[in-house]
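At position 90 of the sequence shown the residue is numbered 90 (my numbering), and the sequence of numbers has no breaks. Everything on this sheet refers to the single structure shown next.
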Amino acid sequence: MKLSSLDLKSRKNIEKIAMLTAYTTPVAKCLEAAGIPVILVGDTVGMVEMGFGSTQSVTIDHMKYHVSAVRRGAPHTHIIGDMPYKSDTDQETALDSAKQLLDAGADSVKLEGPKYEIIEYLVSHEIPVVGHTGLTPQTAQNFKQVGKNEQEASRILTESQGIANAGAFMIVLEHIPSELGDNVTRQISIPTIGIGAGPGCDGQVLVINDMIGLDDTWPPFSKQYAHVSDIIHKAASQYKDEVERNSFP
Ligand code: KIV
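Right under this line is the structure:
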């Protein structure tokens, strides 16, 4: 059964939320079969699937393509579509972008940073919104952990509260100290989904390519539950040998 944004919101303090990213139909199909309740079609697609150096190169058309592919693979799973860089610069642009993602198959949208008025505007137009603070890759200078000093930690807590007050139903906390993840989680009323934010969050999200070990570098907070690159490499080598030795077909 597909969870709504309200179902997800009401899981706070009741049930932990396991979220993963997905970008393609076959992967989405596997995640739905595994019972993953919410899939994020993140703009990380630009870096992990499209070879861009930053998420800034991702467009709304790229996101629509991937959201619709994921929807075809996971018809019964809540899908969050990421608002790409500059797709939420003002209220009308944000509303238009969000509607395009919902039309492509998303159930809600996620946007980065303390854009309180934009969130309020989307929510007032019945768009369910997920916030995102801590490390915000669209505008970050690097991928180092943030929120390590008191001033930064206080900014991230204030932003989380502002995002919740603006009407977001959930928030992603990226690459911050565990104690801060724990503190934000205790102080706001909506579920926190951590990625490198410690075990105290209400749920966790990982980038699928990192967690299945596709490619060969991963963020320090990720965990590899498989090493799919090795499997592809082995299969491709075996195939090459067999074609060259004329043993396949
Ligand atoms: O784009 C993405 O995949 C994300 C996650 C890193 C949370 O925003």
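Where is the CB? At the ideal position from N, CA and C, for every residue including glycine. Being a predicted model, the structure only gives us computed values, none of them experimental.
Proximity below 8 Å, CB of residue i to CB of residue j
{"i": "residue 102", "j": "residue 133", "result": "no"}
{"i": "residue 129", "j": "residue 109", "result": "yes"}
{"i": "residue 17", "j": "residue 41", "result": "no"}
{"i": "residue 168", "j": "residue 190", "result": "yes"}
{"i": "residue 3", "j": "residue 205", "result": "no"}
{"i": "residue 106", "j": "residue 73", "result": "no"}
{"i": "residue 229", "j": "residue 211", "result": "no"}
{"i": "residue 153", "j": "residue 178", "result": "no"}
{"i": "residue 208", "j": "residue 34", "result": "no"}
{"i": "residue 64", "j": "residue 91", "result": "no"}
{"i": "residue 98", "j": "residue 67", "result": "no"}
{"i": "residue 162", "j": "residue 121", "result": "no"}
{"i": "residue 176", "j": "residue 147", "result": "yes"}
{"i": "residue 7", "j": "residue 43", "result": "no"}
{"i": "residue 112", "j": "residue 136", "result": "yes"}
{"i": "residue 24", "j": "residue 138", "result": "no"}
{"i": "residue 62", "j": "residue 51", "result": "no"}
{"i": "residue 78", "j": "residue 38", "result": "yes"}
Residue i: CB within 7 Å of a non-hydrogen atom of the ligand KIV
{"i": "residue 133", "result": "no"}
{"i": "residue 51", "result": "no"}
{"i": "residue 190", "result": "no"}
{"i": "residue 194", "result": "no"}
{"i": "residue 40", "result": "yes"}
{"i": "residue 207", "result": "yes"}
{"i": "residue 174", "result": "yes"}
{"i": "residue 43", "result": "yes"}
{"i": "residue 21", "result": "yes"}
{"i": "residue 82", "result": "yes"}
Beta strand (DSSP E) segment containing residue i, residue limits
{"i": "residue 20", "result": "17-21"}
{"i": "residue 173", "result": "170-174"}
{"i": "residue 214", "result": "Careful: residue 214 lies outside any beta strand (DSSP E) and carries neither H nor E."}
{"i": "residue 192", "result": "192-195"}
{"i": "residue 135", "result": "Neither: residue 135 is in no beta strand (DSSP E) and is coded neither H nor E."}
{"i": "residue 40", "result": "38-41"}
{"i": "residue 127", "result": "Run containing residue 127: none; DSSP gives neither H nor E here."}
{"i": "residue 80", "result": "78-82"}
Alpha helix (DSSP H) segment containing residue i, residue limits
{"i": "residue 211", "result": "208-211"}
{"i": "residue 110", "result": "Where residue 110 is concerned, there is no enclosing alpha helix (DSSP H), although the beta strand (DSSP E) it sits in stretches over 108-110."}
{"i": "residue 46", "result": "45-48"}
{"i": "residue 100", "result": "91-104"}
{"i": "residue 236", "result": "228-244"}
{"i": "residue 166", "result": "Here residue 166 belongs to no alpha helix (DSSP H), and DSSP marks it neither H nor E."}
{"i": "residue 70", "result": "60-73"}
{"i": "residue 186", "result": "178-187"}
{"i": "residue 201", "result": "Per DSSP, residue 201 belongs to no alpha helix (DSSP H) and is neither H nor E."}
{"i": "residue 7", "result": "5-9"}
{"i": "residue 27", "result": "25-33"}
Short CB-CB distance (under 8 Å) between residue i and chain C
{"i": "residue 41", "result": "Although the question refers to chain C, the structure presented lacks it and comprises just one protein chain."}
### Query
Looking at C-beta atoms only, is the number of pairs between the stretch 8-17 and the stretch 81-97 that lie closer than 8 Å three or more?
no
### Query
Does the count of Cβ pairs from the stretch 241-248 and the stretch 203-217 closer than 8 Å reach three?
no
### Message
Three Cβ pairs or more, each shorter than 8 Å: is that satisfied between the stretch 173-184 and the stretch 139-158?
### Response
yes
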